[in-house]
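Residue numbers (the numbering used here): 2 to 767.
By construction, the Cβ of each residue, glycine as well, lies at the ideal position given by its N, Cα and C atoms.
What follows is a set of notes on a single structure, which appears directly below.
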Ligand code: NOJ
């Protein structure tokens with residue numbers, strides 16, 4: 002791994018000044034700040050610290066959720082004893098809170114407003130796992146830049162994204178928020194999102210501060226149960242789980258969120274090794290660390306801190322600069338006493354303040370604390386943002402099956418089309434898990450998108466067929482604006498299923514929309530089964546039994562058990578939660594106005610019993626039985642990592658490695674030809690995988706080391722190029738306790754997924 006750290010701030014800023022100013026001019030905005038250099042920031046912060054009381058210094062380290070009016074918050078702001086608020090999204094309210102902080106407090110220090118802008122603010126983009134499936138970092142960057150523009154227009158300065166947790170267990174509900182199982186793809190997505198949110202430098206107009214989360218190891222929650230402990234080997238921690246975080250730091254991320262769970266028995270929020278030695282020491286991270294919500298207080302729940310005063314001391318000591326909490330923080334209640342008793346020093350408090358205040362200076366908050374409410378309304382209404390969301394959804398969809406080339410559908414080929422399934426006309430379930438500020442009425446469902454597409458050319462009829470109800474109420478039910486409908490009676494359930502099957506039987510084609518409701522993925526939304534929920538499987542079989550052509554569209558945030566569908570339904574399109582424009586995107590894809598080019602960012606298991614399953618595993622005893630490790634099911638996935646079909650076809654040939662042998666530190670150049678052998682323009686994602694055949698530790702059978710999404714016209718051929726140098730060939734050796742690049746023989750494959758067969762090899766010598 003390239004461990005050369007970039008510094009946030011002046012140097013980076015100056016390089017980009019010219020282009021940034023051009024963007025500013027183009028957008029008609031005043032620059033949010035005169036780009037300050039490190040020295041100027043430091044000077045300003047020191048001048049403030051010189052004048053701050055201890056209460057004010059401690060106050061900056063607290064962040065509170067705010068859902069409604071609160072006298073306690075107003076008072077704290079007027080006293081200059083609160084650093085940040087989260088969950089306020091109305092620009093008028095943000096301005097009025099900011100006014101208290103800036104105009105009533107002694108030192109006029111502005112607040113920084115945070116919010117979970119995860120996949121869009123007003124315009125909702127596909128969920129992060131979907132955007133990762135695009136394998137298109139520039140598109141992802143552009144999507145998050147739009148999210149940043151919308152959020153910053155209302156006065157939000159800071160997003161709690163990107164979430165860069167590697168997840169190899171789809172039972173974990175938060176797999177939807179990340180880029181899947183792979184450190185290379187995850188790193189590319191992490192860096193792209195940081196650049197999209199923050200722009201060219203921290204404080205770029207129309208951008209926000211990014212926050213990489215959840216540092217670190219949250220994705221390995223035992224049993225896929227959200228918040229449960231993670232036990233991660235040293236090898237996996239360095240080579241897999243930490244890599245996307247390091248990539249985010251390299252991309253200049255300005256803040257990090259400490260995770261909830263225990264990492265190898267030490268809570269991440271009290272983990273000095275993680276937050277201090279690795280993050281600030283090894284990686285030279287220059288931003289500030291915020292805890293996840295209530296995670297400081299939870300140090301007591303973990304059995305790590307004796308009580309709340311102890312929790313505050315341990316978290317600050319570990320390197321948590323700001324505490325995020327509901328109601329009140331352990332910091333505000335306990336740090337003053339901890340100083341008196343000598344458990345923490347004023348210097349420690351000031352160090353945390355320096356990081357937070359420095360970021361407020363860089364963001365230009367002192368010069369421009371307020372937003373233009375009228376402009377916000379215009380930004381949020383932008384039609385270009387909706388178009389970008391549709392394109393993102395088109396590029397994120399993955400075509401899993403297309404027997405007999407059922408897709409794309411001919412526009413006049415089917416007079417009667419049945420649209421069936423509980424998600425087909427559900428706006429909220431089209432959006433995905435982290436949408437709070439969308440305009441729901443403008444969300445285009447699959448049914449609406451199909452209506453827009455076929456117009457009067459076909460007769461479209463709809464039946465939900467089944468309902469999906471949950472066993473336990475959602476812990477976030479109070480945040481949801483839609484009330485769950487009353488569950489169907491048995492009689493109703495039977496009738497609705499029959500109605501849907503009859504509709505399918507009397508139509509020329511059925512588009513079946515199945516998957517999971519919005520609340521089945523995300524925080525506190527883990528599942529022990531990957532089965533299609535409720536009676537969806539019965540509906541699927543009943544519709545297939547009509548013998549009419551069926552297209553299955555999946556809306557979901559995790560791979561599901563679709564073994565039956567994968568054998569019996571000719572066409573399957575994984576659309577994830579596609580966002581505001583989802584229906585239009587899916588209609589374009591089904592009718593060929595867009596061509597699927599997405600690829601799976603996760604290995605797709607056959608069922609939950611195979612989990613965890615990932616392509617980059619080691620080979621061990623009895624490799625010939627590697628895919629047959631179970632008595633009752635294959636141990637191979639249903640679909641491999643990197644997989645996805647197109648309406649066109651591609652061939653790979655001529656893999657060439659620049660030399661047969663290299664010395665450590667040299668770079669192998671690899672080329673391969675990709676040809677679109679089909680009749681129309683389409684995208685392919687050439688991927689390069691390597692395998693180190695032997696070394697100081699066993700190495701995974703394959704590891705992704707590069708990819709590129711390309712568009713090829715019919716019969717066009719292109720040579721793709723990948724470099725394999727120290728960055729790609731080195732790894733953390735648990736045997737040597739070091740990053741190593743070892744003399745060894747390497748396999749290399751280039752192809753369309755992690756089972757690519759076009760092979761080459763080379764040797765690395767001392
Ligand atoms: C808890 C979640 O774990 C985190 O991802 C989120 O950013 C915070 N709550 C704030 O909403």
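Contact belief for residue i with residue j at Cβ below 8 Å, rounded distance in angstroms
i, j, result
"residue 280", "residue 257", "7 Å"
"residue 292", "residue 316", "6 Å"
"residue 296", "residue 259", "6 Å"
"residue 554", "residue 512", "6 Å"
"residue 730", "residue 765", "7 Å"
"residue 551", "residue 545", "6 Å"
"residue 754", "residue 648", "That pair is no contact at about 17 Å."
"residue 591", "residue 671", "So it is not a contact: roughly 36 Å between Cβ atoms."
"residue 243", "residue 269", "The Cβ separation is near 12 Å, so there is no contact."
"residue 101", "residue 78", "4 Å"
"residue 294", "residue 327", "7 Å"
Host alpha helix (DSSP H) of residue i (start-end)
i, result
"residue 657", "Note, residue 657: premise wrong, no alpha helix (DSSP H); beta strand (DSSP E) at 651-658."
"residue 677", "Run containing residue 677: none in the alpha helix (DSSP H); it sits in the beta strand (DSSP E), 669-677."
"residue 72", "72-79"
"residue 569", "564-569"
"residue 575", "Counting along the chain, residue 575 falls outside any alpha helix (DSSP H), though it belongs to the beta strand (DSSP E) covering 572-575."
"residue 511", "Taken as a continuous stretch (DSSP letters only), residue 511 belongs to no alpha helix (DSSP H), being part of the beta strand (DSSP E) at 510-516."
"residue 185", "184-199"
"residue 738", "From DSSP, residue 738 is part of no alpha helix (DSSP H); its letter is neither H nor E."
Beta-bridge pairing of residue i - partner residues as DSSP gives them
i, result
"residue 760", "750"
"residue 723", "671"
"residue 707", "689"
"residue 129", "None; residue 129 has no bridge partner."
"residue 403", "572"
"residue 684", "712"
"residue 60", "None, per the DSSP bridge assignment."
"residue 263", "268"
"residue 324", "63"
"residue 346", "Paired residues: none, contrary to the question."
"residue 640", "605"
"residue 766", "664"
Sequence-distant residues of its chain with Cβ nearer than 8 Å to residue i (five each side left out)
i, result
"residue 620", "627, 699 and 702"
"residue 535", "423, 467, 468, 469 and 470"
"residue 634", "607, 608, 610 and 611"
"residue 677", "649, 650, 651, 683, 685, 713, 714, 715, 716, 717 and 718"
Residue i Cβ short of 7 Å to the ligand NOJ heavy atom set
i, result
"residue 117", "yes"
"residue 294", "yes"
"residue 303", "no"
"residue 629", "no"
"residue 524", "yes"
"residue 719", "no"
"residue 214", "yes"
"residue 87", "yes"
"residue 161", "yes"
Range of the contiguous beta strand (DSSP E) that encloses residue i
i, result
"residue 115", "113-116"
"residue 732", "732-734"
"residue 716", "Here residue 716 belongs to no beta strand (DSSP E), and DSSP marks it neither H nor E."
"residue 554", "551-556"
"residue 664", "662-664"
"residue 538", "Residue 538 -> not in any beta strand (DSSP E); alpha helix (DSSP H) instead, spanning 537-545."
"residue 417", "417-421"
"residue 215", "212-216"
"residue 460", "460-464"
"residue 290", "289-292"
"residue 234", "Element bounds for residue 234: n/a, residue is neither H nor E."
Chain D contact for residue i (CB, 8 Å cutoff)
i, result
"residue 286", "Chain labels in this structure do not include chain D; a single protein chain is all it has."
Beta-carbon contacts of residue i that lie in its chain and below 7 Å, excluding the five residues immediately before and after
i, result
"residue 52", "108"
"residue 498", "466, 467, 536, 539, 540 and 543"
Cutoff 6 Å; reference residue i; Cβ partners in own chain excluding five residues on either side
i, result
"residue 584", "445, 446, 447, 449 and 450"
"residue 761", "656, 658 and 749"
"residue 386", "124 and 147"
"residue 131", "397 and 577"
"residue 169", "182, 613 and 615"
"residue 756", "641"
"residue 23", "Below a pLDDT of 50, predicted positions are generally treated as unreliable, and residue 23, at 30, falls in that range; the measurement from the model is reported next regardless. For residue 23, where only same-chain residues beyond five positions count, there are no Cβ hits under 6 Å."
"residue 736", "697 and 698"
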